[in-house]
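Visitor: Residue 269, in the working numbering, is where the sequence shown stops; the numbers in between run on with no holes.
I have a structure here, written as structure tokens, and I will follow up with some questions on it.
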Amino acid sequence: MVDAFSTVRTEFRHEPEPIKGSRFLGLVAPASTRDEALAFVERVRAELPDATHHCWARRNGRTGDDFQSSDDGEPSGSAGRPILAQLEGHGVTEIVLVVARWFGGTKLGVGGLVRAYGGAAGKTLDRAPLVTVVVVQRVEVKFPYECSGPVQGLLASRGLDPVESAYGSSVRLVLDVPERDLAEFTRELTDRTAGRAAVRDCP
């Protein structure tokens, strides 16, 4: 199971040198869903209505197995697929990348377009602020008040801060625990509280 993935931290854009008079502008953004990705594409279209083409690709899912690309009127396979190949090559997902083109009057041919769109996408990703996202599991921890010391010590040692806290007849905390650490966290919590703390997935 993939417990971490790389994506872009914030929206970013880069414009490489023109090619035979044509301008290419790469615009990349985080997108956790297909709808977020498509909304970004439409926003770029609205922002850059004078561009001749708005070609793009997206990857979603921890392993990037949900993907899509568009040539937006360029010859089939000459724009969207090279952009997608750069996303795959950089190992990023939960991301969308648009390359806008302003035609400069000279046709580049299919091979030239592949190099131009792929190059613009690659140079944009090379410069974009990438970040590693650790996949977390949201869990609920319940324990009696007398276990507060051991529990707080464990949370401090792992750098975990509760998302929610409730204090009734017992203490209830909601935590986002890295998936890769959850089994060990649960074992250590059980040990520190002599089995008096209960962990379960949040509904």
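Glycine included, every Cβ here is placed at the ideal spot set by N, Cα and C.
Bear in mind that the values here come from a model prediction, so they are computed numbers and not experimental data.
Who are proline 244's beta bridge partners in DSSP?
Guide: Reading the sequence shown from its first residue, position 178 is the one you call residue 244. Paired residues: Val202.
Visitor: Could you check what DSSP says for threonine 73 in three-state terms: helix, strand or coil?
Guide: One-based indexing of the sequence shown puts residue 73 at position 7. Threonine 73: strand per DSSP, three-state reduction.
Visitor: Our contact map puts arginine 258 next to leucine 220 with C-beta atoms below 8 angstroms; I'd like the distance itself, whole angstroms only.
Guide: In the sequence shown, the residue the question calls residue 258 occupies position 192. In the sequence shown, the residue the question calls residue 220 occupies position 154. With 8 angstroms as the limit, arginine 258 and leucine 220 qualify as a contact, their Cβ atoms being about 6 angstroms apart.
Visitor: Give the DSSP-derived three-state secondary structure of phenylalanine 209 in the structure shown.
Guide: Here residue 209 is taken as the residue at index 143 of the sequence shown, counted from 1. Three-state result, phenylalanine 209: strand.
Visitor: Looking at alanine 194 and valine 165, is the spacing between their C-beta atoms short of 8 angstroms?
Guide: Residue 165 sits at position 99 when you count from the first residue of the sequence shown. Residue 194 sits at position 128 when you count from the first residue of the sequence shown. Not in contact: valine 165 and alanine 194 (Cβ atoms no closer than 8 angstroms).
Visitor: Using C-beta distances below 7 angstroms, list every residue in its chain close to valine 107, excluding the 5 sequence neighbours before and after it, in chain order.
Guide: The residue you call residue 107 lines up with position 41 of the sequence shown. Once the five neighbours on either side are set aside, the close Cβ partners of valine 107 are His120, Trp122, Val162, Val164.
Visitor: Am I right that valine 74 and alanine 103 are in contact with their C-beta atoms under 8 angstroms? What's the rounded C-beta distance?
Guide: As a position in the sequence shown, residue 74 is number 8, starting the count at 1. As a position in the sequence shown, residue 103 is number 37, starting the count at 1. Rounded, the Cβ-Cβ distance is 12 angstroms, inconsistent with contact.
Visitor: Given this structure, state the Cα-to-Cα distance separating alanine 70 from valine 243, to the nearest angstrom.
Guide: Along the sequence shown, read from residue 1 onward, the residue named residue 70 stands at position 4. Along the sequence shown, read from residue 1 onward, the residue named residue 243 stands at position 177. Roughly 13 angstroms separates the two Cα atoms.
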